[in-house]
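Residues in the sequence shown are numbered from 142 upward in steps of one, following the working numbering.
Using N, Cα and C, we set each Cβ at its ideal position, and we do this for glycine too.
The model shown is predicted, which means the values in this text are computed figures rather than measured ones.
A quick write-up on the structure given underneath.
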Amino acid sequence: MSAHCMLTGTRPGFGNRISHSHRRTSRRWDPNIQSKRYWLPSEGRYVRLRLSARAIKTVDTIGVEAAVARIRARGVKV
142 MSAHCMLTGT RPGFGNRISH SHRRTSRRWD PNIQSKRYWL PSEGRYVRLR LSARAIKTVD
202 TIGVEAAVAR IRARGVKV
């Protein structure tokens with residue numbers, strides 16, 4: 142599985158590394174993906190989510206139930 146966020150869908154960005162002599166080679170910027178376990182009270186179980194650091198803050202704001210609903214709306218199995 143590539144480095145992408147289950148909630149926001151953030152994926153790696155691609156670009157060029159440019160040296161002092163201005164030679165270009167490809168590089169990528171990975172999102173800050175963390176694996177975090179949340180208790181889901183409606184189902185009485187824990188769910189493990191792969192989220193970016195920004196998405197973890199979003200879950201803290203909107204709650205885990207709403208976040209899981211958004212993830213499922215995107216078509217991702219939880």
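In the DSSP output, which residue or residues are listed as bridge partners for N157? For N157, which the question treats as bridged, DSSP gives the partners S167.
Leaving out the 5 sequence neighbours to the left and right, which residues in its chain are closer than 6 Å to Y179 when beta-carbon positions are compared? Closer than 6 Å at the Cβ level, and outside the excluded window around Y179, lie V188, V205.
R213 lies in the beta strand (DSSP E); which residues open and close that run? Where R213 is concerned, there is no enclosing beta strand (DSSP E), although the alpha helix (DSSP H) around it starts and stops at 205-214.
Classification of S193 by the beta-carbon crowding that lies within 10 angstroms, buried from 16 upward: With 16 or more other CB atoms across the displayed protein chains lying within 10 angstroms of its CB, S193 is buried.
So what does DSSP say about K198, is it helix, strand or coil? Of the three classes helix, strand and coil, the one that applies to K198 here is helix, per DSSP.
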